[in-house]
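Protein chains in written order, with our numbering: chain C, 41 to 202; chain G, 41 to 202.
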DNA sequence: CGTCCATCGTTCGTACACAAACAATTCAAA
DNA sequence: TTTGAATTGTTTGTGTACGAACGATGGACG
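Next comes the structure, spelled out in structure tokens:
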């Protein structure tokens, strides 16, 4: 894991200083997975924002809409798990979608803890339209890669996002 | 019950329904780059948080610290560009690092718009310690991949984060 | 010399992201 | 059957993320 120098008995101050120096410039931020993942994600959301501008949907609102259209209905927490959002984040996302009239929320008669979410008619329309754009956005995001690189990347990325 | 006859002029209700179904499930959220990038990034920050817990550094605070230790000194906007943060985000990150006494800020005598950032002694120490952990975190993040897959992934990811 | 334009840092508003604590409810095990 | 653990949704607090507008400064141009 962290760099360890080969086992030697004693090290001079010089050697220690040199090692420390090497260690300092050795770690390059722009080559680290985390930083690159963040930047790739930044680029993707920029593309997303641009293509989804006229629908005024954020990536998370989009995800919730699409997923809800898949499963028909779901409780808040359940939809959150399906879209990889925690309950607190879901709170805000759903609130805004309800305010826009794309989603409806009603209590579950069988379990009074639950709130059942469904799409409104308008929500269904927007979801359909958005899914089309979603496809374009994915293509644009992967544009810098050739066909086979694209497949390879998606396969590997899938293993880092279990 | 629905018998599927090959190529016919008219389509049965069954067939139309099946097509619609196929179309609906055609766009699968969990297979889209954006969603997977987001989840991979989530996983990485979880690993980061865990390993960096005792230093109490967030990924962005870490990035600013490391980069500033690389370049010695920088204006806020400049450091922001080096770490891929916009000016508004930088504001908060720097504010918290100054509050913790890891960074110092003083006006640039040559350009009165600029604020020059430098590490404090403690900031330098923390940066050094954090860089070590940074290695571990990168390794852990890429752990699900084998050696050659790791290299391939980083190469491809680099093209999506220009 | 003045004017226009870019850059610097700041603030405001919106939207994630998630830990932590909470009340209400459900469910399982003693 | 009653106690206790787990689940559901909510709120609070901290920290990104970024568009948009702002005042102050600097530099290039005619």
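Note that CB positions come from ideal geometry on N, CA and C, so glycine has one too. The structure displayed is predicted, hence computed values, not measured ones.
Practice task
Look at residue 201 (chain C) and residue 80 (chain G) and say whether their C-beta atoms are less than 8 Å apart.
Solution key: Start at 1 with the first residue of the first chain, and residue 201 (chain C) comes out as number 161. Start at 1 with the first residue of the second chain, and residue 80 (chain G) comes out as number 40. Taking 8 Å as the Cβ cut-off, residue 201 (chain C) and residue 80 (chain G) qualify as a contacting pair.
Exercise for the section: Evaluate residue 240 (chain G) with the Cβ neighbour count: other Cβ atoms within 10 Å of its Cβ, from every protein chain shown; 16 or more gives buried, anything less gives exposed. Expected result: Here chain G has residues from 41 to 202 only, and residue 240 (chain G) is not among them.
Exercise for the section: Leaving out five residues on either side along the sequence, give the residues of the same chain with a beta carbon under 7 Å from the beta carbon of residue 203 (chain G). Expected result: This structure does not reach residue 203 (chain G), given that chain G is present from 41 up to 202, and the question cannot be answered.
Problem - is_contact[residue 72 (chain G), chain C] using C-beta, thresh 8 Å - result: Taking the second chain and counting its residues from 1, one reaches residue 72 (chain G) at position 32. True, the Cβ-Cβ gap to chain C drops below 8 Å.
Handout entry: Where residue 95 (chain C) falls: helix, strand or coil (DSSP)
Key = Looking up residue 95 (chain C) in the first chain gives position 55. Three-state result, residue 95 (chain C): helix.
Exercise for the section: Check each candidate in C:144, C:179, C:120 and name the one with the smallest Cα separation from residue 161 (chain C). Expected result: Residue 161 (chain C) sits at position 121 when you count from the first residue of the first chain. Cα-wise, what sits closest to residue 161 (chain C) is C:144.
Problem - Rounded separation between residue 68 (chain C) and residue 66 (chain G) - CA only - result: Within the first chain, residue 68 (chain C) is the residue found at index 28, counting from 1. Within the second chain, residue 66 (chain G) is the residue found at index 26, counting from 1. Those two C-alpha atoms are separated by around 40 Å.
Exercise for the section: Give a yes or no on whether 8 Å exceeds the smallest Cβ distance from residue 118 (chain G) to chain C. Expected result: To locate residue 118 (chain G), count along the second chain from 1; it is residue 78. No, its Cβ sits nowhere closer than 8 Å to a Cβ of chain C.
Problem - Option in C:146, C:189, C:180 with minimal Cα separation from residue 86 (chain C) - result: Working through the first chain from its first residue, we reach residue 86 (chain C) at position 46. Considering only alpha carbons, the answer is C:180.
Exercise for the section: Tell me, please, whether the CB atom of residue 181 (chain G) is closer than 8 Å to any CB atom in chain C? Expected result: Numbered from 1 along the second chain, position 141 holds the residue referred to as residue 181 (chain G). By this cut-off, residue 181 (chain G) is an interface position.
Handout entry: Opposing strand residues paired with residue 115 (chain G) [DSSP bridges]
Key = As a position in the second chain, residue 115 (chain G) is number 75, starting the count at 1. Its beta-bridge partners are G:156.
Practice task
Identify, in the order they occur along the chain, each residue of the same chain with its Cβ nearer than 8 Å to the Cβ of residue 155 (chain C), setting aside the five sequence neighbours on each side.
Solution key: As a first step, residue 155 (chain C) is located in the first chain; it is residue number 115 there, counting from the start. If we look at residue 155 (chain C) and ignore the five residues flanking it on each side, its Cβ neighbours are 115, 116, 145, 146, 147, 148.
Exercise for the section: Compare the C-beta of residue 147 (chain G) against all C-beta atoms of chain C and say whether one is closer than 8 Å. Expected result: Locating residue 147 (chain G) in the second chain gives position 107, where the first residue counts as 1. No - not a single Cβ of chain C is within 8 Å of the one on residue 147 (chain G).
Practice task
Report yes if the C-beta distance between residue 72 (chain G) and residue 174 (chain C) is below 8 Å; otherwise report no.
Solution key: The residue labelled residue 72 (chain G) in the question sits at position 32 within the second chain. The residue labelled residue 174 (chain C) in the question sits at position 134 within the first chain. Cβ distance < 8 Å, so residue 72 (chain G) and residue 174 (chain C) count as in contact.
Handout entry: Residue closest to residue 138 (chain C), alpha-carbon to alpha-carbon, out of C:105, C:188, C:191
Key = Within the first chain, residue 138 (chain C) is the residue found at index 98, counting from 1. Comparing Cα-Cα distances from residue 138 (chain C) to each of C:105, C:188, C:191, the minimum goes to C:105.
Practice task
Given a cut-off of 8 Å, decide if residue 196 (chain G) and residue 77 (chain C) are closer than it, judged by their beta-carbon atoms.
Solution key: Translated into positions along the first chain, residue 77 (chain C) becomes position 37. Translated into positions along the second chain, residue 196 (chain G) becomes position 156. No, Cβ-Cβ distance for residue 77 (chain C) and residue 196 (chain G) is not below 8 Å.
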